[in-house]
Each structure stands twice: as C-alpha cells, then as structure tokens.
Amino acid sequence: MYGELLLDHFINPRNVGIIKDADGIGSIGDPGCGDYLCIYIKVQDNRLVDVKFQVYGCPAAIATSSILTEMAKGKTLEEGLKITDADVAAAIGGLPEIKLHCSNLGASALHEAIRNYQTRMKAGG
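As numbered in my numbering, residues 493 to 617 make up the sequence shown, in order.
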C-alpha cells in the first residue's frame, strides 16, 4: 500500500518539533476528529531557513508532513507558496487514492505559516 520512501519518512520523520521563536505558524485540520498539522517556520533573508512540524494523523500524514519540511527548507517564501498538494504527493512517491487527502495538509499549512509571517512583517514584526 505504501512505498519505501513514505515508510522511511513515517518511521524516521524529519524536522519534528516546535520552533519556539517561530516567525510564522500555520495549522490545518481538526485534532478532535481527524488529521491535524501545525507548521513552524523560521525566515531569514526571505528564505525558509528552518521548518518543523507537529502532526496528529495516519502514517501518510506523518510522512507527507516530514517530506514537506525537506521540500520547503532553503526555498524563498515565493517558492514555498508554490508547493502544491500534488508536489507533496509526488515527492513521497505517490499515495493510495484513499490517502490523497493526507498530502493536502502540508502545502496548506505551509502556505498559512508563510502568510502568517508576511502579516506579522506588515504589522511591524
């Protein structure tokens, strides 16, 4: 059902945790009744220099969140906003049809974290 890369990111997720002084935070989902993801970003010179996550969900949600952080690190904010659900699913090696919704969490939460950062900067930090 799951590919080797997905299983690796599920068993050994990368970038798990909280950035205490995060520049932006984005969350999506409902922890009470399903998958939930929170993304923390650190920005320097318009680049995502650190991306961490906390997730509550199935193996696919954990793995796609993990690979998303690897995809986003080092990208400019604009490049981060261009990461799509399809990009995440493709990067993890594909997902079974029934699990495609799990890949949707990462891109949306990342976009929310970037917008949160941009709003904070417009407001003066």
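Cβ coordinates follow ideal geometry from the N, Cα and C atoms, glycine included.
Unbroken beta strand (DSSP E) run spanning residue i, endpoints
| i | result |
| --- | --- |
| Asn540 | The residue asked about is misnamed: residue 540 is Leu in this sequence, not Asn. From DSSP, the beta strand (DSSP E) with Leu540 extends over Arg539 to Tyr548. |
| Ile517 | Gly516 to Gly521 |
Under 9 Å between C-beta atoms of residue i and residue j
| i | j | result |
| --- | --- | --- |
| Tyr528 | Gly509 | no |
| Lys565 | Val580 | no |
| Leu569 | Ile520 | no |
| Ile575 | Leu602 | yes |
| Arg612 | Thr561 | no |
Three-state secondary structure (DSSP) of residue i
| i | result |
| --- | --- |
| Gly598 | helix |
| Thr556 | helix |
Option in the options with minimal Cα separation from residue i
| i | options | result |
| --- | --- | --- |
| Gly518 | Glu589, Ala615, Ala599 and Lys614 | Ala599 |
| Val535 | Asp577, Ser558, Gly495 and Glu571 | Glu571 |
| Leu498 | Val543, Ala555, Asp522 and Ile533 | Ala555 |
Where the alpha helix (DSSP H) through residue i begins and ends
| i | result |
| --- | --- |
| Ile531 | Careful: Ile531 lies outside any alpha helix (DSSP H), inside the beta strand (DSSP E) at Tyr528 to Gln536. |
| Val580 | Asp577 to Ala583 |
| Asp500 | Glu496 to Ile503 |
Check whether the segment 582 to 591 and the segment 534 to 548 touch, using three or more Cβ-Cβ pairs below 8 Å as the test. no
Between the segment 496 to 503 and the segment 512 to 523, are three or more C-beta pairs nearer than 8 Å? no
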